[in-house]
Every structure is written in C-alpha cells, then in structure tokens.
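For reference, the structure is listed below as structure tokens.
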Amino acid sequence: MKEFYLSQGWYWFLLMAVVCYSIGCFNFAVLIAKLKHKNVRKIGSGNPGTMNMSREFGLKIGLLNFLLDAFKGGIPAMVSYFIFRGYVFAGTNVVVSDVTRYFCGLFVVIGHIFPVTMKFKGGKGIASTLGLFWICLACEDPWYLLIGFVALWGVVAYIALTEWGSMGSLLGVTGFSIWQGAEFFARYHEELTNWYIVTLFVLLLLLNFLTWFAHRKNLVRLFAGEEHRTSVRKLSKGKRGTKNM
C-alpha cells in the first residue's frame, strides 16, 4: 500500500466534492417526465423522485428512474474506490478508498436533494443513497452485490406489505448503513479513535440524516395518520399506487 498525505493531496477531495455535487444535480425524473411532455414538479406529489414517477407513470418507469438514480449515487463512489484502493492515509492503516467512497456519495446525495439547478429543491435522495450503499458494499465483497440486491427486494416487500413507501425506504437506508458500519467496525476496531475512522462513521450518519431530513414532512404525516399509502400491487398493474388513509 502506498501512503497518501492529505496535506499534499487535499485537492482531490475538493475535486471530488465539486464533480459529485454536479452529478447529483442532474435529475433523471425531470428528464424522463420532460420526454413524456410532463413537468414532474406539477404532477402527483411534485417530488422529482422514484416514488412519484412510479405513481404517475407506472412501475416500469419508476424502476427505470430508481436504477438511474441508484447508479448516479454508486458509480462515482466506485470510481473513487478503484483510484484510491491502493493507498492508506499516511501513518495509519485506513484505506483511502473507504473514505472517498462515502465522501463522493455524500456529495452526490447533497446535489440530488439540494441542486443548484433547481433552486436547491430536488428529490429526497433515497434511490441514490440505496444505490451508493449497494455498490459500495459490493466493493467490500463481490458477493455483496447479490446480497444487497436481495436486501433491496426486502425493502420492496416491506413497502408492498405495509404500503408505507417513505418508511420502507428510510429503513432500507438505515439498514444498509448499519451493515456498512459493522464492516468498518470489524476492520478498524483497534483504532476507532483515529479521526479518519471517526470521519467514516460521520459520513454514514450524515447520509442517514440527509435522507431522514428530506422526508421530514412524510414522517409528520405518517405520525399524524395522514400519510398516503403506496400500493405496489396497483403500480404493477399500471394504476396510480397512492391512496389516502
């Protein structure tokens, strides 16, 4: 492993932040809706994300939107993994790519939720965050790509059974972050006070905070018993999948 000196290579992090934020600002829901001569901001919930796209255009379009957003969140992180996997921070055993993966992902999610191109009013970041964790975990072990895929279907199953789309999505993000956190804990348990390790866990917490914060209105409606339900069964039949309590 080569040593990476942050004092000399700090500009890499600045470059990653700018590039990944810019990638996050590109919203596929807006593009797909525009191709269908619609304004996603003026239909359904007005949210430019997977759930609203599924409700308004059907499950196939929703799935396409999910995959595009998921890869948007995961691919920049994977690129940073291949660039920095052969480096450790100078004087430590901390692999640089462990930090860069989630650093890149965080800025993609920030760009998705707060895009400068949409007056800082974007989507809620679930698909990009789930895609980020899915692909980042696959960097740990290729088998995790399959296990993560099964876990994603577990999220879909929860939504299908409960019809709580927002809660199912948030639990999925939290579950994936706990999984990745456990991997990091097992790897670095002897040096948890190292500030690079602390940074890793802070990045995971920030990803959770952002997605939960973006769903704050959904959570208020959920606890008030006013949140709309999402019927996967209806969506699969090409019907609007939202119904009131």
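Residue numbers for the sequence shown follow the working numbering, beginning at 985 and rising by one. C-beta: ideal position from N, C-alpha, C; glycine also.
Query raised in the report: By how many angstroms is the C-alpha of Ala1054 removed from the C-alpha of Glu1124?
Result: Sequence index remark: in the sequence shown, residue 1124 carries index 140 (1-based). Sequence index remark: in the sequence shown, residue 1054 carries index 70 (1-based). Roughly 18 Å between the two C-alpha positions.
Requested in this report: In angstroms with no decimal places, state the Cα-to-Cα distance between Gly1107 and Asn1031.
Outcome: Position 123 of the sequence shown, counted from the first residue, corresponds to residue 1107. Position 47 of the sequence shown, counted from the first residue, corresponds to residue 1031. If you take the alpha carbons of Gly1107 and Asn1031, they lie about 6 Å apart.
Requested in this report: Could you give the DSSP three-state label for Lys1105: helix, strand or coil?
Outcome: Working through the sequence shown from its first residue, we reach residue 1105 at position 121. Residue state, collapsed to three classes: coil.
**Report entry** Cβ shell of Phe997 (< 6 Å), same chain only, five flanking positions each side left out
**Finding:** Translated into the one-based positions of the sequence shown, residue 997 becomes position 13. Result list for Phe997: empty, nothing under 6 Å.
Requested in this report: With DSSP as the reference, label Val1072 as helix, strand or coil.
Outcome: Position 88 of the sequence shown, counted from the start, is the residue given in the question as residue 1072. In the structure shown, Val1072 sits in a strand (DSSP, three-state: E or B).
Query raised in the report: What residue does the beta strand (DSSP E) around Phe988 start on, and which one ends it?
Result: Within the sequence shown, the letter at position 4 stands for residue 988. Counting along the chain, the beta strand (DSSP E) containing Phe988 begins and ends at 986-988.
Query - Distance, Tyr1142 Cα to Met1000 Cα - result: Here residue 1000 refers to the residue found at position 16 of the sequence shown. Here residue 1142 refers to the residue found at position 158 of the sequence shown. When rounded, the distance between both Cα atoms is 35 Å.
Query raised in the report: Is the CB-CB distance between Ala1111 and Cys1088 below 7 Å?
Result: Here residue 1111 corresponds to residue number 127 of the sequence shown, with the count starting at 1. Here residue 1088 corresponds to residue number 104 of the sequence shown, with the count starting at 1. Taking 7 Å as the Cβ cut-off, Ala1111 and Cys1088 do not qualify as a contacting pair.
**Report entry** Per-residue burial, Leu990 [other beta carbons within 10 Å of its own, 16 or more giving buried]
**Finding:** Indexing the sequence shown from 1 puts residue 990 at position 6. Counting Cβ neighbours within 10 Å, Leu990 comes out exposed, since fewer than 16 surround it.
Requested in this report: Grab the span of the alpha helix (DSSP H) containing Ser1198 for me, first residue to last.
Outcome: Counting from one through the sequence shown, the residue named residue 1198 turns up at place 214. It is worth fixing the name first, because residue 1198 is Ala in this sequence and not Ser. Per DSSP, Ala1198 belongs to the alpha helix (DSSP H) from 1179-1198.
Requested in this report: Tell me whether Val1063 counts as near the ligand MG, meaning its Cβ is closer than 6 Å to at least one heavy atom of that ligand.
Outcome: In the structure on display, the ligand MG does not appear, and there are no ligands present to speak of.
Query raised in the report: Thinking C-alpha only, which one of Phe1133, Gly1058, Met1151 is nearest Arg1205?
Result: What you label residue 1205 is simply residue 221 of the sequence shown in a count that begins at 1. Here the closest residue by C-alpha is Met1151.
Report task. Return helix, strand or coil for Val1078, following the three-state DSSP convention. Result -> What you label residue 1078 is simply residue 94 of the sequence shown in a count that begins at 1. Reduced to three states, the DSSP call for Val1078 is coil.
Query raised in the report: Using the C-alpha atoms, what's the distance from Arg1025 back to Met1229?
Result: Taking the first residue of the sequence shown as 1, we reach residue 1229 at position 245. Taking the first residue of the sequence shown as 1, we reach residue 1025 at position 41. Note that Met1229 scores 33 on pLDDT, short of 50, meaning its location in the model is unreliable and no value can be drawn from it.
**Report entry** Helix, strand or coil at Ile1125 [DSSP, three-state]
**Finding:** Position 141 of the sequence shown, counted from the first residue, corresponds to residue 1125. As written in the sequence, residue 1125 is Asp, which differs from the Ile given in the question. Residue state, collapsed to three classes: coil.
Query raised in the report: To which residues of the same chain is Glu1175 closer than 8 Å at the C-beta, ignoring the five residues directly before and after it?
Result: Position 191 of the sequence shown holds residue 1175. Result list for Glu1175: Thr1076, Asn1077, Val1078, Ile1181, in chain order.
Requested in this report: Ignore the nearest five residues each way along the sequence and tell me which others in Gly1165's own chain have a CB closer than 6 Å to its CB.
Outcome: In the sequence shown, counting from the first residue as 1, residue 1165 sits at position 181. Same-chain partners within the cutoff: Leu1188.
Query - Proximity below 7 Å, CB of Leu1184 to CB of Phe1160 - result: Working through the sequence shown from its first residue, we reach residue 1184 at position 200. Working through the sequence shown from its first residue, we reach residue 1160 at position 176. In this structure, Phe1160 does not lie closer than 7 Å to Leu1184 by Cβ.
Requested in this report: At 4 residues or longer, and completely inside the segment 1024-1099: list those alpha helix (DSSP H) runs for me, N to C.
Outcome: 1034-1041, 1043-1068, 1080-1097
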